[in-house]
Structure formats: structure tokens, C-alpha cells
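Chemist:
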């Protein structure tokens with residue numbers, strides 16, 4: 004698919020010499036720049052790794068600016084900068100056409116050819132909100148996983164595109180906030196530290212003598228006292 008690359012990448016690909024340097028590893032350029040959806044960003048190249056791949060990358064591109072080898076979890080490759088453009092070469096042991104990234108790219112090419120300019124415009128708008136091209140395709144097509152459309156016939160893909168356009172765009176409305184009533188201004192001089200609440204004022208308490216609450220007998224009571232100046236009562240005279 005190197006012969007189908009946009010003209011803006013022609014000078015860069017000529018400098019990379021992919022068809023001669025990596026012909027044995029089936030190089031394929033993928034990503035937004037290969038689809039002419041972006042004019043900046045990295046150029047991603049998929050390869051089939053194998054015997055001599057690691058050494059070949061170092062021998063051909065090791066002198067370029069920022070050259071760094073990649074090797075982790077069955078993935079081999081390198082990154083460097085050429086003509087002020089980041090380059091990423093990624094190799095896996097399986098054939099390129101079986102790699103997930105290539106399957107996604109092939110589906111993206113198919114969708115762009117099938118739908119054309121309307122899809123391209125929607126993708127360019129979606130790419131302003133996400134850096135992932137696959138995520139942008141999935142959002143525009145109205146699916147959660149882009150590869151779910153991989154084996155769909157063209158008539159189904161067109162119907163999916165039209166259905167995605169009919170769906171209302173979710174609008175996030177700000178939450179309704181209930182205004183909090185303003186508290187009444189405090190009266191001047193109502194500081195509790197300076198003017199205690201009336202309920203907190205000191206109260207006078209009359210304590211009861213516990214001795215008076217005990218039960219008493221008649222003999223324990225004092226004898227009644229008569230007034231000193233009052234004469235004793237006289238008994239009545241007999242008739």
C-alpha cells in the first residue's frame with residue numbers, strides 16, 4: 004500500500020527507503036497522515052519482525068536524530084525524527100495483514116472510500132477532541148468497537164453511518180443549583196462571648212436541707228411556746 008500514499012509523504016518515504024531497506028518485512032504506513040486526515044503528527048509504519056529485523060533497523064536508521072530502539076512483549080521497533088517528523092516503526096512476528104493495527108487501517112480506508120467527504124469532515128472534527136484515530140472513527144460511526152464493522156457489507160455500513168447521523172448529539176446541561184438563602188445579618192453586639200444567651204445566664208438556686216426531708220415523730224417535735232404577755236385562759240365558771 005506504499006504506492007497509495009499521499010503526495011505530502013512522498014519526500015519522506017523516499018528518504019526512508021522502505022521498499023529497499025525493509026522489503027523483506029512488508030512495511031505498511033498507517034495512521035491519520037496516511038489517510039490524509041492530518042498534516043502533522045507521527046508517521047507509523049507496521050512491519051513483520053523476524054530474523055535480522057532488529058539489526059536492520061539499527062544499521063539503516065541508527066544515525067537519525069533521537070533514534071531509540073523498542074523491544075517489549077513481542078514488539079520490536081524504533082523511533083527517530085526525520086525531516087522534523089516523528090517516525091515510529093513497529094514490528095510483530097505475525098504477518099502484517101493479520102496484525103490488529105493493519106486490520107483497523109484497512110477498515111478505515113474502506114469506510115472513507117465508501118462514504119467519502121462527509122465522513123472525512125466528521126473525523127477531522129472528532130480528532131480535535133481525541134488523539135486516537137480509531138476512537139474518532141468509532142464515535143463518528145456510532146459504535147463502541149470499530150472492528151465490529153470489519154465484516155459488514157457496504158449496505159450495512161451505509162445504514163450504520165446514516166443511523167449514527169440521526170442520533171441526537173448528547174448535550175450536557177449544567178446541574179441546577181438551588182440558591183442558598185442568605186443568612187440574616189447578625190445584630191451588632193450579639194457575640195455570645197461578650198453577651199451570653201439569656202438561657203445561659205446564671206440562675207439563683209435554693210438548696211434544700213436533706214435533714215428536713217427525713218421522716219420525724221411527734222416526740223421529736225419541740226413543745227409549743229406561748230407568748231410571754233398573753234394570760235392563761237381561765238376555765239368557765241360553774242352555774
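In my numbering, the protein residues as written are 4 to 242.
Glycine included, each C-beta is placed from N, C-alpha and C at the ideal position.
Whole angstroms are fine: how far does the CA of residue 132 sit from the CA of residue 124?
Modeler: Residue 124 sits at position 121 when you count from the first residue of the chain shown. Residue 132 sits at position 129 when you count from the first residue of the chain shown. Residue 124 and residue 132: Cα-Cα distance of roughly 14 Å.
Chemist: Specify the secondary structure class of residue 199 as computed by DSSP and reduced to three states.
Modeler: Here the question's residue 199 lines up with position 196 in the chain shown. Low confidence applies to residue 199: its pLDDT is 48, below 50, so where it sits in the model is not reliable, and the reading given next is rough at best. Looking at residue 199 - three-state DSSP - the assignment turns out to be coil, as it is neither helix nor strand.
Chemist: Please state the DSSP three-state secondary structure of residue 95.
Modeler: Taking the first residue of the chain shown as position 1, residue 95 is located at position 92. In the structure shown, residue 95 sits in a strand (DSSP, three-state: E or B).
Chemist: Checking the sheet assignment: what are the DSSP bridge partners for residue 51?
Modeler: Counting from one through the chain shown, the residue named residue 51 turns up at place 48. Bridge partners of residue 51: 95.
Chemist: Identify the continuous alpha helix (DSSP H) that holds residue 131 and give its terminal residues.
Modeler: Reading the chain shown from its first residue, position 128 is the one you call residue 131. That residue, residue 131, is in no alpha helix (DSSP H); it is neither H nor E in DSSP.
Chemist: Counting only the same chain and skipping the five closest in sequence on each side, list residues whose C-beta sits under 7 Å from that of residue 64.
Modeler: As a position in the chain shown, residue 64 is number 61, starting the count at 1. Same-chain partners within the cutoff: 70, 81 and 83.
Chemist: Provide the residue span of the alpha helix (DSSP H) that contains residue 19, from first to last.
Modeler: As a first step, residue 19 must be located in the chain shown, where it is residue number 16. Going by DSSP, residue 19 is part of the alpha helix (DSSP H) stretching over 13-19.
Chemist: I think residue 106 touches residue 137, with their Cβ atoms under 8 Å apart; what is that distance to the nearest whole Å?
Modeler: Working through the chain shown from its first residue, we reach residue 106 at position 103. Working through the chain shown from its first residue, we reach residue 137 at position 134. Between residue 137 and residue 106 the Cβ distance is about 11 Å, and since that is not below 8 Å, they are no contact.
Chemist: My understanding is that residue 46 touches residue 99, with C-beta atoms under 8 Å, so please give their C-beta distance in whole angstroms.
Modeler: Reading the chain shown from its first residue, position 43 is the one you call residue 46. Reading the chain shown from its first residue, position 96 is the one you call residue 99. With a Cβ gap of about 16 Å, residue 46 and residue 99 do not count as contacting.
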